[in-house]
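Residue numbers (my numbering), protein chains in the order written: chain L, 11 to 121; chain U, 133 to 246. Some notes on the structure that comes next.
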């Protein structure tokens, strides 16, 4: 079983739509959680950290359910510029700091 | 805003040749990493480096790979004898203090082994 699993998509949505991505992780020792964004052939860039209480940054909302080992990202009012691959990333307790990446979910926002 | 830089942006090499990929992490960062991403696949951890020594390495990071921080700024990844399957994007990352903190990634080096 993969340590971090995501639906690869692609998700094709019209501008203005709300879209949600899910991610599950298998190791209960996972401690820190992130969503990164990756544009084609570019480096991953931090979108937001994910906190147990859930957190919001503008149009983006992230939630964490430790009991179900599940992370989500909600994007409201999608923009064309949101088209990218969204990477679910975990850091496991006891690690040296290495990040464990999911395969990524591709979002294509269409006019 | 400070950023991680990497050189070269692209490298083409023949199988069996040595390559050195270079990174300049953000100046006050203490933890350094190399990751790779084969085309169409996920980002994979290679190695972490702290206090001038390797702190963790993955199964991918065999004895053909080595890392070095030769001075106060550069952080290099060397592949001694490249294989076709080493073709990938190689990302350097760094963060200041505190494991689990946000890592900042460089733009990557695209390595193609022929």
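All residues carry an ideal CB built from backbone N, CA and C; glycine is no exception.
A direct Cα-to-Cα measurement between residue 212(U) and residue 107(L) gives close to 26 Å.
In this structure residue 221(U) is not in contact with residue 201(U), their Cβ atoms being roughly 22 Å apart against a cut-off of 8 Å.
In the same chain as residue 135(U), and ignoring 5 residues on each side of it, the C-beta atoms closer than 8 Å to its own belong to 158, 236, 238, in chain order.
Boundaries of the beta strand (DSSP E) harbouring residue 165(U): 163-169, taken from the DSSP string. Distance from the CA of residue 64(L) to the CA of residue 149(U), rounded to the nearest whole angstrom, comes to 48 Å.
In this structure residue 163(U) is buried. Its beta-carbon is surrounded by 16 or more other beta-carbon atoms within 10 angstroms. DSSP places residue 158(U) in no beta strand (DSSP E); its state is neither H nor E. A direct Cα-to-Cα measurement between residue 121(L) and residue 74(L) gives close to 31 Å.
By the rule that beta-carbons nearer than 9 Å mark a contact, residue 116(L) does not touch chain U. Burial state of residue 218(U) is buried, judged by a 10 Å Cβ sphere holding 16 or more other Cβ atoms. For residue 194(U), the closest alpha carbon among the candidates 177(U), 184(U), 207(U) is that of 177(U). Between the beta-carbon of residue 146(U) and that of residue 246(U) there is about 6 Å, and that keeps the pair under the 8 Å contact cut. The residue from 14(L), 98(L), 30(L) with its alpha-carbon nearest to that of residue 21(L) is 30(L). Setting aside the 5 residues that flank it on each side, residue 168(U) is surrounded in the same chain by 175, 176, 178, 192, 220, 221, 222, 223, each with a C-beta closer than 8 Å to its C-beta; the list follows chain order. Taking 9 Å as the cut-off, the Cβ atoms of residue 84(L) and residue 71(L) count as close. Residue 50(L) sits away from residue 98(L), with the two beta carbons spaced by 9 Å or more.
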